[in-house]
Structure formats: structure tokens, C-alpha cells
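A short worksheet on the structure shown next.
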Ligand code: GLN
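Numbering (this note's numbering), first residue to last: 1 to 579.
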């Protein structure tokens, strides 16, 4: 029996960067998946870095970690969340990786003295990698990073051009994502940038079959007609991706535009109509969150870089979906906490509104760490739901060591390598590491949950698998002392060497995890920890809003208390009121 050939959809972007190619790719994947097809996706990044693991969050945003430990582009997070297919090392590669492989082959003598060139050697390596990512799937979506016209993406465009002849024109579709800007002064949409971008693409020998036009407002049929005429695509293949308030609306928008129908026609695939009920259900919750909202303080160093916490903010949204509520995130700068204290910094960040939970995400370096520790203390002392992720767990352990277990000057080896009490220290596996790239503890590892812990109840499992990206761990020399002082070790590596989870039992919700649960959460399958955390925040919110001002305010809180218990967002409520 013949297995069906994989069909390839190549996605390029034009006009401007950050146009939403990654999300468009993810949405196409979700629509085709909902038609019963086996879909995967790959992101090809034309930059020279071998992977984004060593890139600054200012330049790159989140580093998404796959199950098999690859540090990848954040678009892979979109793919996993929308398509549901687990990504691997094969699903993201850069020019750096391609050149590294080709140069290693050249050094080994594999090219037998031939001149090694961009075409065919680099393009062949790109094609080999695309095919490896696609193996075993009905459809492989291939997103080319950057914008058509960039010098560095040329070998990638050449490789995908060659793929058409190689795997057959029936098995290849080119899709171009562009921006159709609205010029307010002229009261008009402008199609010229799209025309130019398509012309540029055509110059490389790639004729797009479908164009996705991003626009602020809906494009009328005449505009679509114009784009069709000038860009040489069928009129029904000009798809309008109008701006949406939630990314989870996009699969439905693109479906209404007929995108998935056009794709299966063009690729000559038979499939049933897609089941989009789960997306409709999610959208209903987003539009009308029956249980209102919670406000969460996310305390970090890169607070204005929300792209650095993409998976995390999405996982919080998913936790909200599971509780039929909206999650408002206020980003609190940990250095601001150091200068002005937690309450003042949070009051400023939340514009005077209250907060219902505190979260400390992953991070690196000493800067701002004392502010994060102060936030942890505030959460612990005031019974505010607290979630510490990776560095967040480490902050919680340091705070507990200092202020409960009375270990003076407790800190992390990362911040003070020579400190006496390094309650967080370098993992054994990290001691001989000399180079920076791909050298952390990366990818999925099992974790044994402590029977009868809150964490075990939340997961309803005894062994879990979660993804990691860190160098430091809880120092076992202090484990007993911390336990005796009341810190519960809620999960460890199966050999009991690494502390993976901690919790405080007599606190409504105080959990720290050494891993990144956000990477496993999807809108259809919210992660149990986020679901439970948001639920605890809802409970806390209800309590604090029902408390009379005086007794309920923590002694240190200066804010005025609101008694507004309704689902409506109050104008101004107390910063923090103890529940
Ligand atoms: N900097 C800490 C470590 O390397 C935490 C890393 C993280 O939060 N991802 O262990």
C-alpha cells in the first residue's frame, strides 16, 4: 500500500515584519487538523545564530523549549497550542544550523574536493531538513522567518522554490501573508505594498497561490478583486485576516474566509468539514467570561517585554478559560519593588486596582532578584495565591530560608557565587559546562509527586513529565532544614536528587516549580496547575472583595478597600486586601 505523499504549504511574509505569519501558520494547522488531517509545522529562521537560546529577550522574545530539549522560536509555541502536534528539534532550524552542518561535512571531506556553494549545498541541506520535519505527516506547514526581500532569507526561498519541482506541483502550495495598511488621511486601504511584495516573491520564482491580507478593518470585495487582479491569484484566494481582539478568534475568521477550503481544493485533498466547536466554545468564554476576571501581578525584570513570556501569558489565559474567567496581567518591575516596596510598585503597575495572585516567572541573573524575593514574602505572609516558575521557585526557597528557616543571607549561587548559604546552587550536571549554547538542563524530565501533597491532588497523578530550562537547583544540604521549618517538597526527580516542586501546606495556594508548565498548556487542554492557580485567585478575589475595610487590610497595606463584589471591573479598588 502506498502511503500518501506529504503536502507542503510554504508560508512567506511581505511588507513588514511581525505580521502574524506564525499565528497564521498555527491557525491553518488548527483548521486542517480539525478536518482530520495529520499536520505538523516547521519554522525556518534565516539568522546565523545556531538557536535562539543565547539571544537576548530584548531581541528575540521567548525561547520555546521542546520536549526533546531544543531551544526554539516562540512560533513553535503557537504551533503546539493551535495544532496540538508536539514539536521537536526538527521543527525549527536556522541558517546557523544549516551552515554548521554543511561546514562540518566539508571539513570531513564529504564533498570530495568540490566547491561548496549556497546552491546546491546550502539549499540541499535546507530541503533535507524540511523533509525530515515533514516525515509521517499529511501536511507540513513551513514558515519562512523574516520578510521577502531580506538578503539572508534568499537561500530559503530558493530551497522552497525547488521543492515544487522535487515533490510535485500537486503537493506544494505557496501562501503569502501581507499587510494592507489603512491610510486615515486618504480614508483608504492601500494594496500597493502587497503588489510590490508579491512582485518581489515572483521574482524569486515563487507564485503565491493564496494571499492572506492582514488589515485593521474588513476589506471590501472590490479591494480583494484588485489584489487578485494585480497579484495573479484567484479572487477567492485573497483571504482577509482582519484584526481580532483574541488570537483564538483567528481560526474562525480564516475559516469564514474560506481559507481551509481553498487549501484542500488546491492541494487536491479530500477531507470532511472541520469540527470547530472547541474554538467556538473557547471564543464564547473569551467574549463572556461568566465568572468575571482576576488580576494577577507578574513580577519580573523584563516586564515590558511581554513577548518574553508568551507561553506563560497564554497558559494563564487557558487557566482562565477553564474557570470561565478573564485573567488580567499587570507586569510589575522587580527593580521598582526594590526601590519603592511591593505595594507601591504594584499599585502603580495596576493603576490602583487590586491584585488577586502573584506570579514570578523564569529569569536569569541577580538584577531585580531582591524585588522578586520581596514579592514572594508578601504573597506568603498575606495568603495571596503564589506561583513561582523556575527562577520563581528559587526565589520562594530563598525567601523561606531567610525568613522562616532563619538561614541568614540565604541566596543563590547564580547571584553570589561565594555566599555562605547558597540554598540554590549549580546542578552537578552543570559544573563542567564551558560553552553557553544549548548547555542548560533542557527538555522534558519525569517528576515524582509527593503523596498527599496539594500538587499531587492538582495533577491527579503520581508521576508527571514537564519541560526544563535552567542551571541551578535547590541545594540538598538545606532540604531537611527547610522541610522542618514547614516547606513541603512536593515533587522530585525519580532518584530524589533534584527538588522539582515545593509548596506551603498551610497557605491557600503557594506552589513553586523548577520546570516550565506553561509550555504544555493549550486552550483546549489547560494545564492543571494554571487551572488550579486561577481558581485559587478567583476564591481569593471573592474573599477580599467581601471583607470590610479595616480588619481585612494587611497591617502594611495603605490602600482603600472596595466592597464591589460584582463581575464588573471596579474603577479603583484596594491594592491588596487579605482574604
Ligand atoms: N536562572 C535560573 C537557573 O538557571 C532559573 C532559570 C529559569 O528561570 N528558566 O537555574
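Note that CB positions come from ideal geometry on N, CA and C, so glycine has one too.
Report yes if the C-beta distance between residue i and residue j is below 8 Å; otherwise report no.
i: residue 144; j: residue 219; result: no
i: residue 296; j: residue 312; result: no
i: residue 528; j: residue 445; result: no
i: residue 11; j: residue 142; result: yes
i: residue 35; j: residue 272; result: yes
i: residue 505; j: residue 488; result: yes
i: residue 29; j: residue 79; result: yes
i: residue 191; j: residue 239; result: no
i: residue 237; j: residue 210; result: yes
i: residue 430; j: residue 479; result: no
i: residue 139; j: residue 31; result: no
i: residue 270; j: residue 248; result: no
i: residue 241; j: residue 254; result: yes
i: residue 416; j: residue 425; result: no
i: residue 39; j: residue 85; result: yes
i: residue 518; j: residue 498; result: no
i: residue 216; j: residue 182; result: yes
i: residue 448; j: residue 491; result: yes
i: residue 92; j: residue 70; result: yes
i: residue 53; j: residue 437; result: yes
i: residue 513; j: residue 398; result: no
i: residue 171; j: residue 326; result: no
i: residue 337; j: residue 374; result: yes
i: residue 282; j: residue 5; result: no
i: residue 516; j: residue 441; result: no
i: residue 310; j: residue 154; result: no
i: residue 90; j: residue 133; result: yes
i: residue 456; j: residue 450; result: yes
i: residue 213; j: residue 180; result: yes
What span of residues does the alpha helix (DSSP H) with residue i cover, start to end?
i: residue 41; result: Counting along the chain, residue 41 falls outside any alpha helix (DSSP H), though it belongs to the beta strand (DSSP E) covering 39–45.
i: residue 255; result: 250–256
i: residue 155; result: 154–167
i: residue 231; result: 221–231
i: residue 198; result: 192–203
i: residue 276; result: Note, residue 276: premise wrong, no alpha helix (DSSP H); not H, not E.
i: residue 267; result: Residue 267 -> no alpha helix (DSSP H), and no H or E assigned at all.
i: residue 472; result: First-last for residue 472: 472–474, but that is the beta strand (DSSP E), not the alpha helix (DSSP H).
i: residue 128; result: 123–134
i: residue 58; result: 57–60
Would you kindly report the start and end of the unbroken beta strand (DSSP E) that includes residue i?
i: residue 326; result: 326–333
i: residue 384; result: Where residue 384 is concerned, there is no enclosing beta strand (DSSP E), given that its DSSP letter is neither H nor E.
i: residue 395; result: Counting along the chain, residue 395 falls outside any beta strand (DSSP E), though it belongs to the alpha helix (DSSP H) covering 391–403.
i: residue 537; result: Note, residue 537: premise wrong, no beta strand (DSSP E); alpha helix (DSSP H) at 528–546.
i: residue 357; result: 357–360
i: residue 435; result: Premise fails: residue 435 is in no beta strand (DSSP E) and is neither H nor E.
i: residue 88; result: That residue, residue 88, is in no beta strand (DSSP E); it is neither H nor E in DSSP.
i: residue 441; result: 441–449
i: residue 79; result: From DSSP, residue 79 is part of no beta strand (DSSP E) but of the alpha helix (DSSP H) over 75–83.
i: residue 587; result: Look at the range of the chain in this structure, 1 to 579, and you will see that residue 587 is not part of it.
i: residue 215; result: 210–215
Would a check of beta-carbon distances place residue i closer than 8 Å to chain C?
i: residue 87; result: The structure shown contains no chain C, having only a single protein chain.
Under 5 Å, CB to nearest heavy atom of the ligand GLN: contacting residues: 362, 364, 390, 391, 469, 470, 471 and 472
Contact between the segment 163–174 and the segment 60–76 (3+ Cβ pairs under 8 Å): no
The segment 525–538 in contact with the segment 356–370 per 3-pair CB rule at 8 Å: yes
Segment contact flag, the segment 167–184 with the segment 39–59, C-beta cutoff 8 Å, min 3 pairs: no
Contact the segment 417–428 vs the segment 395–405: 3+ CB pairs below 8 Å: yes
Inter-stretch contact (C-beta, 8 Å, three-pair minimum) for the segment 267–287 and the segment 44–59: no
Cβ contact check for the segment 144–160 and the segment 196–214: 3 or more pairs under 8 Å: yes
Segment contact flag, the segment 375–389 with the segment 495–515, C-beta cutoff 8 Å, min 3 pairs: yes
Touch test, the segment 330–337 against the segment 345–354, Cβ-Cβ under 8 Å, three pairs minimum: yes
Cβ contact check for the segment 12–19 and the segment 116–126: 3 or more pairs under 8 Å: no
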